[in-house]
Amino acid sequence: MHVSTTIHLLGATGLFPSRAFMPAFATALILRFGPQIPYLSDLEFLQAVESPTWFISDVSLWVLGILSLLECFAAKQSELRQVMDQLDYYVKPTMSFLTVLGVMSVTDARVLDATIQQGGMFDLLLGVLIAGGVYFLTTIRLMFYQVLGSMDPGDNLGLQRLTSWLEDVWVWAAMFMLVLFPVFMLIMAALVFAALYQLGEYLKRRDEQQQLDCSQCGTKMYLCAPACPNCHAPNPKPCRVGWWGQSLPDQPAQNDHPLLLLEKYRCPRCAAHLNNVTTDDHCGVCQEPLFSSGNRYDDYVERIEGRRDVTLLICTLLSFVPIVGVLPAMVLYRSQLVSPYQAYLPWTSAFILRFKSGLVNFLALMVQWIPGVGILSLPAMAFFNHRLFRNGFQAEWEAEHPPMTDTSLESSPTTSQISAAKGN
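Here the sequence shown stands for residues 876 to 1299, numbered as in the numbering used here.
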């Protein structure tokens, strides 16, 4: 096998842990059409292409393309991603090995004919080595996602979804860099996964260390907890939580702290991370009602609605930056207007609303590049997504707490009737 081909395949080891089919699809596209593109055709890697084979055939490209789209969609859905995580250990190393065989068949057709002979053993061993490396890096990636899952179990804050989008960008950007600067990409891939491992370890240590003992019963509680989860004794100095729901020890909690905790999908009393709860549920640790306590539901909705206009204005300004403004606008409106409502929906309702949201986003992005009309695309996307999930949130609450009907009001005694009865 050519040295340049070997370097490219080794560099691709850093891509398959993120996606199973997308790197294979990108590799097949480059091998199929790269020799026809100026500058790319001069690369030694593509000059080694000998003849079309099964890996770059029309059928293979269509199959890999469809699987890549399905994989990208599934990675954005928390329920489907949990199923995919169980298969990643097997699918990703297998796809990396098949890609090695595919590249070998394109760049050196004689290799596959000699796989049972001494001369082809190095190439097969290289495939096994790459598959083993992908398996190891996939383990690191899943460990990192497990830490994110403990911070945000239902991905209601969007931590895992945002990371998934970054992985999509990483795969395509890294593949482009791999073609142009293969040695640089080898180093970059190693640094990225080393940083990913260190970040995961840091997040685990910080979550364990940022706890204190209750002064009454000694139970561990979070720094941001307003009260102890066991005896409910108040925390004298609870701290504020940040963008992703993490404790900020240097910032004291404000009056809106219980609502902020709810917004970050944490219990308003003990700050425990919530998991699979709806508007009528209680905290599984301290049994605090989430929204049924006092006017908490009304205050929560008022809090989210209070920043709607500012968010829509910022999305409008970002519309003036074609393409580049899309991602920050989506992150902004989802974190400010969508995630606080989506967090407390049953998974069936949330899945249906996400499907509708996807259709709205697709239509809005289709016109985003059109001058004039495109300016309205991002605020329209934010507005309709906000309406979808707010209405779903309110419908869930009203289903559990139906408003009093006129009949029930008529049957209830009025204040004057009660006073008259007492007088008699």
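C-beta atoms are modelled at their ideal positions from N, C-alpha and C, and glycine is treated no differently.
Item	Value
Residue range of the unbroken beta strand (DSSP E) whose run includes aspartate 1184	No beta strand (DSSP E) contains aspartate 1184, which is instead part of the alpha helix (DSSP H) from 1183-1193.
Coarse secondary structure for arginine 1115, derived from DSSP in three states	strand
Buried or exposed by the 16-neighbour rule on C-beta atoms within 10 Å, applied to methionine 1241	exposed
Boundaries (first-last residue) of the beta strand (DSSP E) holding lysine 1095	1095-1097
Residues of its chain near isoleucine 1189, where Cβ-Cβ distance is below 8 Å and the 5 sequence neighbours each way are ignored	Ala1204 and Leu1207
Inter-stretch contact at 8 Å, needing at least 3 Cβ pairs: the region 1192-1202 / the region 1260-1280	no
Straight-line gap, lysine 951 to glutamine 1162 (C-alpha atoms, nearest Å)	31 Å
First through last residue of the alpha helix (DSSP H) which encompasses proline 1215	1214-1217
Close-in-space but distant-in-sequence residues of the same chain around leucine 973 (CB under 8 Å, 5 per side omitted)	Ala899
Simplified DSSP assignment, three categories, for arginine 1229	helix
Cβ-based burial, lysine 1139 [other Cβ within 10 Å; buried from 16]	buried
Which residues DSSP lists as bridging alanine 1102, in chain order	Pro1109
Helix, strand or coil at serine 1122 according to DSSP, with G and I counted as helix	strand
Burial state of arginine 1080 (16 or more Cβ within 10 Å)	exposed
Rounded straight-line distance, which links the Cα of leucine 1220 to that of leucine 1165	13 Å
Beta-carbon gap between leucine 1134 and arginine 1141 smaller than 8 Å	no
Exposed unless 16 or more other CB atoms sit within 10 angstroms - verdict on alanine 1069	exposed
Inter-stretch contact (C-beta, 8 Å, three-pair minimum) for the region 1108-1126 and the region 1227-1240	no
Span separating the alpha-carbon of tyrosine 1216 from that of leucine 1017	27 Å
Residue from Ala901, Tyr964 and Phe930 whose Cα sits closest to the Cα of serine 943	Ala901
Where arginine 1036 sits in the DSSP three-state scheme	helix
Helix, strand or coil at aspartate 1173 according to DSSP, with G and I counted as helix	helix
Buried or exposed by the 16-neighbour rule on C-beta atoms within 10 Å, applied to aspartate 1131	exposed
Distance between alanine 1147 and alanine 1108 (C-alpha atoms, nearest Å)	15 Å
Backbone secondary structure at histidine 1261 - three-state DSSP	helix
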